[in-house]
Every structure is written in structure tokens, then in C-alpha cells.
Amino acid sequence: MPTYGGWTGKTLRVNLSSGKISTEDTIAKYKDYLGGKGVGYRVLWDEVPAGTKGFDEANKIIMGVGPLTGTSAPSSGRTSITTIFPTSYPWELVAAGHMGGHWGAELKYAGWDNVIIEGKSEKPVYIAIVDSKVEIRDASHLWGNGIYRATASICQEMGPETQVAAIGQAGENLVRLSVVNNAYSHSAGGVGAVFGSKKLKAVAVRGTGAVRIAADKQEWKKLTRYALSIMGANNNNVVPSTRQPWAEYFAPMSRWTARKGLYWGAADPPVETGECLPEDLNRIGMRTMKATYDMGPLAEKYTVRMGGCSSCPIRCHSHVEVPQMEEKYGLSRYAASTCTRLTAGTSGFIESYPEGRNGLAAVEANIVAEHMLDDYGIWDNYHQLSRDFNYICRSGLAKSRLSADEYKSIPWEKREKGDPSFLQDIYRRIAFREGELGSVLGEGSGLMAKLWNFPEAYFNDMRVDLWKMGHPRHHANEEVGQTGVLVNMNYNANIMCHSHRNFITCGLPTNVLQTLGEKLWGPGAVDAPRNYTPMNEAKARFAVWSLLRDELHDSLTLCNWMYPLASSPLKSRNYEGDNAIESKLYSLVTGDKKDVAELDLVAERIFNLHRALTVRDMNTSDMRSKHDTIPDYVFDDPQVGFGGGPEGRRTPPSGPPPKPFTPGTARMDRADMEVGKDMYYETLGWDKKTGSPTRATLEKLGLKDVADKLAQMRLLPA
Amino acid sequence: MAKGDTVLDRIIEHLDLPSETTRRGFLRVNLRTAAALPVLGALAAGSTKSPLIILDNAEGLVVADTTRCVGCKRCETACTEFNEGRAQPSLARIKVSRNYNFGPRGQQAGMFRGMGEFGNFRVVQDTCKQCPHPVPCATACPHSAIVLEPKTKARMVDQNKCVGCRMCQVACPWEMMTFDESAGKASKCFLCNGAPECVQACTTGALRYVSWRDLSKAIPIRRGAFPVTRDYKSAGCGNCHSIGKL
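So the sequences go chain by chain: V and A.
First residue of the first sequence: 1398, per my numbering; consecutive thereafter.
First residue of the second sequence: 40, per my numbering; consecutive thereafter.
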């Protein structure tokens, strides 16, 4: 067998029921699926029976990194945690939570590509990995503690350099909306309670080994510098947010927020973010000043620095020091995260703050939320949790469903006053499943709606912003028209796909984007913002590209908040990025030379396997009408496209609601979206009638065994 | 270079050697290898046969601004990828990972009151001080395997001479020696021949390559070092310091 760079070659398997620890050959078994989600899907397909639920002993957790993780490939520090999701409703289906931080790279240095966790422990344990030495250790002293304390304790046992991925009380208590967290502020949503169900507190890693680069080192260095040269700021925003002498364009919503006069104000001494020229690779980490972007100008004086994942030049995690947090709330003055953590306090639990969304109370509320979420390990589900809470308050359901005693025990006066300590009360209820409110909120939107018998209006309420199956809308028609809708249809949890979004909102004017988009997907792929044209095949190709690249990124791994690099900040390139950058990085690191089409084919294999798993576990091939549903508000709500959360919602223009495909609206048309589905399925080689993969497509992708199994289950389209 | 400018000039002067020839001769040999040191000893007429253990000061060093470090660790992977062709922070000659979670003083300094990602967010990048004489790692090496890199006079490990005894690791008060477990050899910062990869890779300009200055007296040590000097080497101290001839 050829030896490859990138992969360590070893996959770890830990059975918590039997205590057996074993090793598998990554290359022999999983190379065709790269790593991350790809390997996760393959393991679930091969080993987890159809219909398994998230908390069943038969469910498995695959913590996967990929061949690029741990190297200098920019933004390669991510980990995918694939499992049957307990938040998916009414079917519990395959999905992945993703986290950045430093755990993934450490796993590679320890010599492992994936960790497959199976079975269920009887008592609390954690998995300790020190290079090739792996132990299942007692965690009874950690159980009941938050993530901060658990991480500190494990580091005392394993050494200060250990990277710990742990759950908090929420995961322990089987709160479905819970996370696994590493490196203080990096969490993977939806998977915490699956760890909890297996009595697994943490997986802690210390690695001293190496990830080999197959290519010549000078060639590799040249490529990493080239990749850096075509990257923008966070979300690959490629123009600055303010007018700069060196920049042809600027866009106020850009995350390239650095400028003269804007400081990391709490650095000792303060550091100016300053001018960050695109060519200056030694200032690329200063481009994104996220604290003020997320929390407003007041956050400047609290900012110590920016931070983020291993290998990433784009620092999107704000690190702030807010001294009064100690005295006022009994919390650490130091807080770190990015959106959505550092905007969670202003996303609906409390409707308004004394000095507004960017005032002092609002900033403090975001810090409170960050600590509660990251220490208890609660998943905010892209603010769906807070929007649901907001809904049950304003709809009167909280009052009608809760006992008088429980209702009275909630400090509503704090909510009215905009007192951030209200959040401490609510998040505690959720983490410990206190009372009816705490229990039901943590179940996630799908099960909660069922348990409390929500009216139909809930599902079509733009302020709730739910897409389907318990997960929220995430960069859909309001930003990318039909392409956004098609992207939002596919996954079984929060879609976390940013390929389309990164491109459309990169800050370049529409005509430049259209030129770039035409090269990638054909004419008509890109519309002007909220001035959409009817569906066409280029938009379907744009959607497929977005999804395949997302699968690719979560398997290699690369960050889908930066990649694909379809645009760049360089005028000298006419702002073109490099559509083949992933395949170039992959080829040099592994030595397995694949061009862009060949690597996209691997992504297609991975994506088809995801689809096959969804078909199998829903026990229907009719994806088109049973799975790929689109909420009515996309077609009906006159305000669609005018923002989500209660305070972020913009007032719609007056007069009659605009018709689809007229300037100023993101409304979609039902018949047009059906055409969209046709084109989308056709592009993927899926059956148009059902939206399921055909035998021909599966066999083309080397998934004959999957086709055979689906045929046997009568789930393969005719 | 004017006479008396460098440490070597001063030594040569002090030893009262026939200056020009010797000085050039010394420098010529020295630039190739620190094995030149016994040569200088031999040149000093009537001196002991013990080697001179003095190394000339380095030309430059990497300095770190802890307020600008954002903890991406790209310096560590650049150090080993572009030198050894593999990503391996444990081998990196700039050290961030070990301070990342809790800072240089570890968890004993507390969590929220300490440093690092779990403390006050200050990430400290440890870099080699390229110490002046007596250079702890080089003095401790029983095989004189720590020599001058010709261009920058950085102290570097001669991989052919290193036998992997780890005495240099014990000797460095800043714990800046690394050990390549797969090769069985020590390694340390050699300033990448004047273009340090870590500096090139730094995403925020927190690392700079500057003219050498003595940081060995300015930066707190990480631990009390274990000064090790072999007898034949300490005898060499006598070339300059003993109550003997000089």
C-alpha cells in the first residue's frame, strides 16, 4: 500500500461497553471518504442499524479530522463529530456537529485520524489519549462539573498542553440542545447529550508526533503562502468595511473591520488593528476585529485580542475582559467566542436592554450568555433556542403551560428591565432540566413543539425562523435566493453551510460577483441582492457546488466559514479566488494527486452517503416531499428577508407585499422552487420524482454496496 | 569591523595573539565550525590544551510581542514543515503550545487569574535567546555539538556530532531545546539562516527578527537549570578565567 502524507494512518476505536480499545488502518478502510464527516457517514452506514436513535447504545460517535488537519493548510483546525442527532425531529437522523479550536490538530499529533466511540459506559468516564497510549479513565470526580472545571481537572491529570473536548452539565443531563466544547470557546452543537448518554465526560488528547507533508517543503511553503494571499477576512469577506485608500471597494457589513483608530482596547498596552493591506500576510490575523462587529463599539475597550483555531490566519473569536462581570454576575471577567455565542444575549431571551442592542447591559448579557453556554455546554442552535423562548413568552404559551408556581418562580421582572442576570436563571433551568420550562426548552424545537402542542402558526412565524425538523433557517433566500433555499433543504440539523454565503456576501459589487459566478456555474447564477430572477440551471449548480464543498471541508478538514475561496481581495486577479485551492492543498499534503473534479467527486460520494443514510433512517425514498420541505414563510411572508431576531428585524416597506422576483423582496415562488428542485436533483444525478440517489449515480461514485442495500430495503428509486 | 568590536576581538586582544592573521584565521575556521575553538586554544602560545568554550554573540534573534499573539500556532508548524517537511509542534523551536492553555507558570497560577487561553488570554511565545557566553546548551554539550550557524552565528545543533544525550535540554533555563524523538537528536532554533520561518508565518506581526541583544538577563527563566560542564571543558574556562597564565 502506498504511504501518504497527511493521514497518520491510524483510526482509534473505543468501546465503552466492553472497555475494548483497538486500532484500524485509516488508509485501507476510509481513504475514499477522506476523514471527518466522510468517515463518520461510512461508519454509521456500515455499523449503526437503521432507525437507531441518538441515545441508543447502538448509536456511535465519530470524532473525525482529516488529512489537512494539523498542517499549515490555512484554517484546517476543525473537527467533525458525526452521530445520529437527538435534536432532529420527528426522525432522529444523521448529522454532524463541528468544532474548531485545537483538539483536532492535537489528535493528529497524537497519531490518530479518527476516534470511533461505541457502546455505553455504566459509570462516568473520560478517554485519555497520550500519543499511542489510550485509556478509559474514571470521571466520577468530573461528573456534575461544568466544562471549565472539567477541562482544568483533566489538564492537571494529563498536563497543561492537553486539549480537552468535554461536555458540561447539559450534556450529562441529556439536554438535547447541548455541545462538546474544546479550547475554552469552540463547540460542536447537538452532540453533547450523545456523549452524556454514553456517560462519556470528555475525550482528552496530548500528542507529540508529526503529520508528514508528502510534497517538497519549499513547494509546500509556496502553496501555503499562495493560499493565504487569496484569503479575505472572516467569512472570506474580501473588501474592508470602511473606505480605505488602498481598496477599490468597501462594504459596511464586511468582517474586514480593521482600520486606523480601532483598537484591541484592553490589550496591555492597547494594540491598533490598523490598516491591513491584502498583500501583507503578517497582518492577516488583524483584519477581523470581531468584538465590535458582534457587540458594537462599546466592545472595543474590552477587547484583549482576537483568537481562534490552530492554523487559522483569520481570528474570528473575540477575547474580551469585562471587569465588572465578577462583581455583578459572579462570572469570570474573561470571555471568548464568536457569533453566535457573543450575540446570544441579544437574540431573544430578553427583548430589549436599557441602552439598546449595543449598550452596556447588552454587552454584559452577551458575556453572561457566553459563559453559561460554554460552561454548562448548552447548544444555542444558531439562536433558535432564544427565539423559541421569545415565542413562548409573546404567544402566552409560557403562562398557559407552566404551573402557577413555576411561572412565578421565573424572575420576569429582570426580563422586563433588561437585566442580564435573567439569562443565568434561564440557562441554569435548561442545563439542569429544572421544572417544565427547563426540560422542554432543552429538547429542541421539534420535540418541544410536539410536547407543548404548538399551533401551526409557530412553524410559519418569521420571528421564530425555524426551517424544519428542529433546525433554523441559515443563509437561505434572504441572501442567496433559490440557491439558498436548495442549500437549506438538505441537512438534518442546522445546515452550517457557508459556501454560498461566503461568496455572495464577500463585499464585492454584484457585477464583479456575476463575472466570477458565471465562470464557475454559468450565466445567471448570481442575482443582485433581493432582486431575484426565476430559477435556472446555473443556480442549481451553485447550490450543488456549495453543498459538495461543505462536505469536502468537513472531511479534509478546512473551515467552511472561510473556504471555498471563490473570490479574493486581489484586484490584480480581478478578485478571482481559486476554485481548485482545496485540491491543491490536498494533493501536496497527501501525495495523492487529485484535480478539482476528482476531489469534487469524492465530495459527491460523501454527500450521497449522507443522503442514503437519511433515506435509510427515514425509511422512505420520497425525500422530495417528506424531507426537502420548504417553510411557507419563504413564499408567503411579506417581510421575508428582513432579518431574524426580535431586535434585528427591520421594518418592511409599507404598501402591499411585493410579489416574488420584484426588486426589494426575498420572497420565493412555489412553482419556481419546484423547478428548482428538479434542476437540483438532476445536477446531482438523483431521481427527480423522489429526490433520492439512483443506482447509476451510487455506482458511479463507488457506492454499489449502498445501492444494493437500499434496493434490498426497497428504498432505491425505480 | 574595528578592532575591539566583538567579543572575539576582545578575547584575541586579551590573549595577546598576533592579531590580524590570527583573527582572520580564527574567524575563517570558526565560521565553518565551532571545532575551531580548540584551534584558537592551540594558537594561544603556551596555553593549556583545554578547548575554549566561548562562542561569539549571535547576529540576530527572534523577539516576541505577547500582546499581539493570537495563538494560531502557525509559527510552530512553519518551523517544522519548512525545515523538516512535517508538522510537529513538539519539535518546533518556537514554543507556543505549551503556554497556550495556562501560560508559562501553568495551572499553579490559577485559572481565571492565570495566563493563557483559560486565563487572562495572554499567550506567550517562547523563543531562543541565542545566549551570550557562557552559552548553557553549548557549554553542557559533552560533544561540542552546539556550534555557530555561519551566517547568523545562531547556536545550532550539529546533527552529525549530537549523540542524543539530552544534556543540553537539562541545561537550558528557558527549556528551549527540543528533541527529535524519531531521529534521536537534539534540535534548537538556528534562525533559519537569517530568515526565520516563524517570523515569516506570524499572522499578526507578533514575531520580529532583530539585531541580537541580551535577553538572557531580561526574560524570566522557566526553571532552575542544571548547570553541567564536563571537566575537560571547565578546564577550558581557565584559558580566560583561571589564575594560571592569564
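Every residue gets a Cβ at the ideal spot worked out from N, C-alpha and C, and that includes glycine.
From a predicted model like this one, the values you see are computed outputs, not experimental measurements.
Met1859 of chain V to Pro2035 of chain V span [Cα, whole Å] | Walking along the first sequence from the start, residue 1859 of chain V turns up at place 462. Walking along the first sequence from the start, residue 2035 of chain V turns up at place 638. Their Cα atoms are separated by approximately 10 Å.
Excluding the five sequence neighbours on either side, which residues of its own chain have a C-beta within less than 6 Å of the C-beta of Val1719 of chain V, listed in chain order?
-> In the first sequence, counting from the first residue as 1, residue 1719 of chain V sits at position 322. If we look at Val1719 of chain V and ignore the five residues flanking it on each side, its Cβ neighbours are Tyr1699, Arg1730 and Ile1764.
Reduced DSSP category for Phe218 of chain A - H, G, I as helix; E, B as strand; rest coil = Taking the second sequence and counting its residues from 1, one reaches residue 218 of chain A at position 179. It is a strand residue.
Three CB pairs or more closer than 8 Å across the stretch 121-141 of chain A and the stretch 168-176 of chain A = no
Minimum Cβ-Cβ distance from Glu214 of chain A to chain V less than 7 Å = For the purposes of this step, residue 214 of chain A is taken as residue 175 along the second sequence, with counting starting at 1. Chain V, which has no Cβ nearer than 7 Å to the Cβ of Glu214 of chain A, makes this no.
Separation of Leu1409 of chain V from Glu1421 of chain V, as counted between CA atoms | Mapped onto the first sequence, residue 1421 of chain V falls at position 24. Mapped onto the first sequence, residue 1409 of chain V falls at position 12. Straight-line Cα distance between these residues: approximately 6 Å.
State the DSSP-derived secondary structure class of Ser183 of chain A, mapped to helix, strand or coil.
-> The residue given as residue 183 of chain A occupies position 144 in the second sequence. In the structure shown, Ser183 of chain A sits in coil (DSSP, three-state: anything other than H, G, I, E or B).
So which residues of chain V does Arg132 of chain A contact, with C-beta pairs closer than 9 Å?
-> For this step, residue 132 of chain A is matched to residue 93 along the second sequence. Within chain V, no residue comes near Arg132 of chain A; the closest Cβ sits about 14 Å away, beyond 9 Å.
For Gln1560 of chain V, three-class secondary structure by DSSP = For this step, residue 1560 of chain V is matched to residue 163 along the first sequence. Strand.
Buried or exposed: Trp1500 of chain V, going by 16 or more other Cβ atoms within 10 Å of its Cβ?
-> Against the first sequence, residue 1500 of chain V aligns to sequence position 103. With 16 or more other Cβ atoms within 10 Å, it is buried.
Please state if the CB of Arg1603 of chain V and the CB of Trp1653 of chain V are separated by a distance shorter than 7 Å.
-> Looking up residue 1653 of chain V in the first sequence gives position 256. Looking up residue 1603 of chain V in the first sequence gives position 206. No.
Would you report the Cα separation of Leu1794 of chain V and Arg2021 of chain V, rounded to the nearest angstrom?
-> Counting from one through the first sequence, the residue named residue 1794 of chain V turns up at place 397. Counting from one through the first sequence, the residue named residue 2021 of chain V turns up at place 624. When rounded, the distance between both Cα atoms is 33 Å.
Within 6 Å: the Cβ of Asn1578 of chain V and any heavy atom of the ligand MG?
-> No copy of the ligand MG occurs in the structure displayed, which carries no ligand at all.
Would you kindly work out how many angstroms separate the C-alpha atoms of Pro1906 of chain V and Tyr1646 of chain V, rounded to a whole number?
-> As a position in the first sequence, residue 1906 of chain V is number 509, starting the count at 1. As a position in the first sequence, residue 1646 of chain V is number 249, starting the count at 1. About 8 Å.
Using the Cα positions of Val1941 of chain V and Asn1633 of chain V, report the straight-line distance between them to the nearest angstrom.
-> Numbered from 1 along the first sequence, position 544 holds the residue referred to as residue 1941 of chain V. Numbered from 1 along the first sequence, position 236 holds the residue referred to as residue 1633 of chain V. Taking the straight line from one Cα to the other gives about 19 Å.
In this structure, what does DSSP give as the bridge partners for Thr1700 of chain V?
-> Reading the first sequence from its first residue, position 303 is the one you call residue 1700 of chain V. Answer is V:Val1717.
Complete runs of the beta strand (DSSP E) confined to the stretch 1465-1530 of chain V [at least 3 residues] = 1476-1481, 1491-1496, 1511-1515 and 1522-1527
Within chain A, the residues that His1716 of chain V reaches when beta carbons sit closer than 8 Å | Looking up residue 1716 of chain V in the first sequence gives position 319. Ordered by position in chain A, the residues that pass the 8 Å Cβ test against His1716 of chain V are Phe160.
Using a Cβ cut-off of 7 Å (strictly closer), state whether Arg125 of chain A contacts chain V.
-> As a first step, residue 125 of chain A is located in the second sequence; it is residue number 86 there, counting from the start. Yes - at least one Cβ of chain V is within 7 Å of the one on Arg125 of chain A.
Residue burial classification, Lys2056 of chain V (beta-carbon count within 10 angstroms, cutoff 16) | Within the first sequence, numbered from 1, the residue matching residue 2056 of chain V stands at position 659. Classification of Lys2056 of chain V: exposed, given that the 10 Å Cβ count is below 16.
From this set, A:Asp219, A:Thr106 and A:Ala117, which residue's C-alpha is nearest Leu130 of chain A's C-alpha?
-> As a position in the second sequence, residue 130 of chain A is number 91, starting the count at 1. Of the candidates A:Asp219, A:Thr106 and A:Ala117, the one whose C-alpha sits nearest the C-alpha of Leu130 of chain A is A:Asp219.
Does any CB atom of chain A fall closer than 7 Å to the CB of Tyr1581 of chain V?
-> Here residue 1581 of chain V is taken as the residue at index 184 of the first sequence, counted from 1. Answer yes: the Cβ-Cβ gap between Tyr1581 of chain V and chain A drops below 7 Å somewhere.
Out of curiosity, what's the CA-to-CA distance linking Met1932 of chain V and Ser1818 of chain V?
-> Along the first sequence, read from residue 1 onward, the residue named residue 1932 of chain V stands at position 535. Along the first sequence, read from residue 1 onward, the residue named residue 1818 of chain V stands at position 421. Using only the alpha carbons, I get a separation of about 48 Å.
Per DSSP, which one or two residues make a beta bridge with Ala126 of chain A?
-> By one-based count along the second sequence, residue 126 of chain A stands at place 87. Beta-bridge pairing links Ala126 of chain A to V:Val1608.
Candidates V:Leu1782, V:Ala1935, V:Glu1454 and V:Pro1694: closest to Asp1862 of chain V by CA position | If you number the first sequence from 1, residue 1862 of chain V lands on position 465. With distances taken between Cα atoms, Asp1862 of chain V lies closest to V:Leu1782.
Which residues in the same chain have their Cβ closer than 7 Å to the Cβ of Phe1856 of chain V, if we skip the five residues on either side of it in sequence?
-> Your numbering for residue 1856 of chain V matches position 459 in the first sequence. Closer than 7 Å at the Cβ level, and outside the excluded window around Phe1856 of chain V, lie Leu1863 and Pro2028.
Just the C-alpha distance for Thr1548 of chain V and Lys1598 of chain V, rounded to the nearest angstrom, thanks.
-> Here residue 1548 of chain V refers to the residue found at position 151 when the first sequence is read from its first residue. Here residue 1598 of chain V refers to the residue found at position 201 when the first sequence is read from its first residue. Approximately 10 Å between the Cα atoms of the pair.
Apart from the five residues just before and just after Ala1536 of chain V, which ones in its own chain have a Cβ nearer than 6 Å to its Cβ?
-> Translated into the one-based positions of the first sequence, residue 1536 of chain V becomes position 139. Same-chain partners within the cutoff: Pro1521, Val1522, Tyr1523 and Lys1598.
Under a three-way DSSP split, which group does Thr1420 of chain V fall into?
-> As a working note, residue 1420 of chain V is residue 23 in the first sequence. Note: Thr1420 of chain V maps to strand in three-state DSSP.
Consider the Cβ of Ile1544 of chain V: report whether some Cβ of chain A lies at a distance smaller than 7 Å.
-> Counting from 1 along the first sequence, the entry for residue 1544 of chain V is found at position 147. For Ile1544 of chain V, the answer is no, since every Cβ of chain A falls outside 7 Å of its Cβ.
Listed from N- to C-terminal order along the chain, which residues in the stretch 1612-1629 of chain V have their beta-carbon within a distance smaller than 9 Å of any beta-carbon of chain A?
-> Ala1612, Asp1613, Lys1614, Gln1615, Trp1617, Lys1618, Thr1621, Arg1622 and Leu1625
In the DSSP assignment, find the unbroken alpha helix (DSSP H) run with Ile1747 of chain V in it and report its ends.
-> For the purposes of this step, residue 1747 of chain V is taken as residue 350 along the first sequence, with counting starting at 1. Element bounds for Ile1747 of chain V: n/a, residue is neither H nor E.
Could you list which residues in chain A have their beta carbon closer than 9 Å to that of Tyr1978 of chain V, in chain order?
-> Within the first sequence, the letter at position 581 stands for residue 1978 of chain V. Before going further, note that residue 1978 of chain V is Ile rather than Tyr in the sequence given. In chain order: nothing, as chain A lies at least about 17 Å away.
For the stretch 1726-1741 of chain V against the stretch 1789-1804 of chain V, are there 3 or more C-beta pairs whose distance is under 8 Å?
-> no
How about Gly145 of chain A: is its C-beta nearer than 7 Å to some C-beta of chain V?
-> As a first step, residue 145 of chain A must be located in the second sequence, where it is residue number 106. Yes, Gly145 of chain A lies at the interface with chain V (some Cβ there is under 7 Å from its Cβ).
Exposed unless 16 or more other CB atoms sit within 10 angstroms - verdict on Arg152 of chain A | Start at 1 with the first residue of the second sequence, and residue 152 of chain A comes out as number 113. It counts as exposed.
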